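Protein chains in written order, with this note's numbering: chain B, 75 to 467; chain E, 75 to 467.
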């Protein structure tokens, strides 16, 4: 109820998302080539936790949006999205597909039962259909025999003018593994050999690790890279020319003098080796900051790193302010993203992946669109002293 | 868009919460005693992820509600809560405290700066004030000297009729540790020796592990136990006479035949040793199911356990249905709670605590109040075959 937000906020940089989309386009269209695949901008899970409406502000140039369900697709339409939408995990009936608001609509067929939902749709409400093979992932997806049968049946529908299109789609189980990716690609190409239709197989990891192969397909599906996060192990988004689109910030709400020998946090996980000044940050695992971080973890305070000390609790985490004598209540602390550690680092401390952190932010963390005029997203500088307050709503 | 909800839902059992409250009351009032402490029902973080409005349906007999901020307190008032509210981590100004809707209001003072916000409130809008010592936790909280000075100043206000009450509050750093708890208690009692006023120090772990000491205080603060979850390591809520208040369920949306030698899930984390039938469940880490589970993990299908196979992905996890030949699309899978594994087990697989899982459910998981008429919450039975479909909204 004071000037700064009472808790954690995720600041979303739509310009960074637009930058990342341009970056992927350049990767997919090397100088001198005439043709490049179109890009499905994957916006599942509320745009990987960034907030669909904010992500759309950066995705105006995408060729289509990839979502999970038809409800998600309708939400995109309500937000004004006019181009194609790919529903990647939709349950649907014939009645659902009759809603004209959904079109232009692409749907993925990953189980034989879904075919019944497609028969008898009158033009012009015809979806573009993508068959998905189960592949090495073995989540939803047609087995080889089911795939061939579905293709025969749907190809007849296509020829009769009752489908807008029919393509081939695959999710790789190990796209970031340079040995497994070609094997998975080859197996899928063998399956679809002789079946005409566009190809949609490559994701962020495949596009960035093997763009030459990705360029030979018709549509790519990019999610995590659009948000500035590396899909490849051991590399950050920045190293791949991407800009992080999210900064998780929370206010420092109190400071505490801790004497040598005293503990900080639940279960005495940290014991001070010297007298120190700590800052209490209004962010905890109830916001989605992972309680499971281990080892030396950091957050950004006044543009420099400060160590996180003690166990992360439900609503609070503590940082060592010994080297930040000017920091005090109201200062913004950056838990990840520009002004703090890379999200890839925090994911490493928590033993998980960056996407898990971004989509794991809870309902109480407002996603706020960062104003365009603001300074460009940069990594934490060495020793600047500028006060960075938490952005107001 | 079919009959069952498209994704994960958390079914909330308000009767279980009411049962747990009664259980804590019995623990706090052994036969023959005349006086028992009052109970703050802690409902921070949207009632530990259960949904405040659903939790309130089970908390009608609590003496007061414990929340974090004044905004949370106002939300409780809008939901019809008339008894006292304890704001445990509130930033406030004098203007904030003038809102009559907040009262009867208790506020925690954990930093000297907050005292300024209390001077000059005209009756009858007088909060009850609790001083909080930093203790061994060393998060927010007054140091000993600050505590004594604040007590002197506020005691004068109390005597002059300008406060509704003045008490002593502490959060233990190791309430579940039978050696540390008495030390922390003793240190606080030494600090407040000679200072009159009610005492509020005991939480779920302290109440359940040492009820005799808890009975000597005036108010206890119970959170996790109210939701049926054990605050003590190595014990489940059920072992403590509590009933779990949340069941996380999600629909099985497809099945897949996997041949011996094939992998399931990203990064080939699982490889089938024999031909098997798996079920794909519409729940993943974007719902808040932890991607970090390790070892043999399970979920409840048709009242019996099924192994989770392969890495949990954003929107899907897979279960082994080899021993569930009748299970198919539309069946409910229980990820934790009645009908599935205890939430304490899932927390163990994920290397965290149950509270982390419950508060970590994301916005896309609807919290649905379980109808009263339903069967009582029970652990998974041996080999019942009853079909348990996901409850409709």
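A virtual CB, placed ideally from N, CA and C, is assigned to each residue, including glycine.
Since we're looking at a predicted model, the values are computed, not measured.
Chain B within 8 Å of residue i, Cβ atoms only
i, result
"residue 128/E", "no"
"residue 305/E", "no"
"residue 400/E", "no"
"residue 390/E", "yes"
"residue 214/E", "yes"
Cross-chain neighbours of residue i in chain E, by beta carbon under 8 Å
i, result
"residue 184/B", "328"
Local conformation of residue i per DSSP, three classes
i, result
"residue 284/B", "coil"
"residue 101/E", "helix"
"residue 242/B", "strand"
"residue 166/B", "coil"
"residue 121/E", "helix"
"residue 91/E", "helix"
"residue 446/E", "coil"
"residue 325/B", "strand"
"residue 289/E", "coil"
"residue 187/E", "helix"
"residue 303/B", "coil"
"residue 140/E", "strand"
"residue 260/B", "helix"
"residue 157/E", "coil"
"residue 312/B", "helix"
"residue 228/E", "helix"
"residue 386/B", "coil"
"residue 109/E", "coil"
"residue 465/B", "For residue 465/B, the predicted model reports a pLDDT of 39, less than 50, meaning its position is unreliable and no value from the coordinates is stated."
"residue 237/E", "coil"
Cross-chain neighbours of residue i in chain B, by beta carbon under 7 Å
i, result
"residue 180/E", "Residues of chain B passing the Cβ test: none, with the nearest at roughly 17 Å."
Chain E contact for residue i (CB, 8 Å cutoff)
i, result
"residue 240/B", "no"
"residue 80/B", "yes"
"residue 337/B", "yes"
"residue 142/B", "yes"
"residue 147/B", "no"
"residue 377/B", "no"
"residue 380/B", "no"
"residue 86/B", "no"
Where residue i meets chain E, residues with beta-carbon distance less than 7 Å
i, result
"residue 150/B", "Residues of chain E passing the Cβ test: none, with the nearest at roughly 15 Å."
"residue 367/B", "Per Cβ cutoff of 7 Å: no residues; residue 367/B is ~11 Å from chain E at best."
"residue 202/B", "By Cβ distance, chain E contributes nothing, its closest Cβ being about 19 Å from residue 202/B, past 7 Å."
Chain E residues whose Cβ lies nearer than 9 Å to that of residue i
i, result
"residue 405/B", "Per Cβ cutoff of 9 Å: no residues; residue 405/B is ~14 Å from chain E at best."
Residue(s) in a DSSP beta bridge with residue i
i, result
"residue 149/E", "Partner(s): none; residue 149/E has no beta bridge."
"residue 56/B", "Look at the range of chain B in this structure, 75 to 467, and you will see that residue 56/B is not part of it."
"residue 381/E", "372/E"
"residue 274/E", "243/E, 293/E"
"residue 394/E", "352/E"
"residue 400/B", "Beta-bridge pairing links residue 400/B to no other residue."
"residue 84/E", "322/E, 441/E"
"residue 433/B", "Beta-bridge pairing links residue 433/B to no other residue."
"residue 330/B", "352/B"
"residue 366/B", "Bridge partners of residue 366/B: none, in fact."
"residue 15/E", "Any property of residue 15/E remains undetermined from this structure, which presents chain E solely from 75 to 467."
Under 8 Å from the C-beta of residue i: neighbouring residues of chain B
i, result
"residue 342/E", "210, 247, 248, 254"
"residue 433/E", "359, 360, 388, 436"
Within chain B, the residues that residue i reaches when beta carbons sit closer than 9 Å
i, result
"residue 217/E", "330, 331"
In chain order, what residues of the segment 305 to 320 of chain B put their CB closer than 8 Å to some CB of chain E? Answer set for the segment 305 to 320 of chain B: empty.
Taking only beta carbons into account, state which residues of the segment 347 to 365 of chain B come closer than 8 Å to chain E, listed in chain order. Result list: 352, 354, 356, 359, 360, 362, 365.
Using a beta-carbon distance cut-off of less than 9 Å, what residues from the segment 268 to 283 of chain E approach chain B? So nothing in the stretch comes that close.
Going along the segment 104 to 121 of chain B in order, which residues come within less than 9 Å of chain E, judged by CB to CB distance? From the segment 104 to 121 of chain B, only 118, 119, 120 have a Cβ closer than 9 Å to chain E.
Between the segment 406 to 429 of chain B and chain E, which residues of the former have CB atoms less than 8 Å from a CB of the latter, in chain order? Cβ contacts with chain E come from 424, 425, 426, 427, 429.
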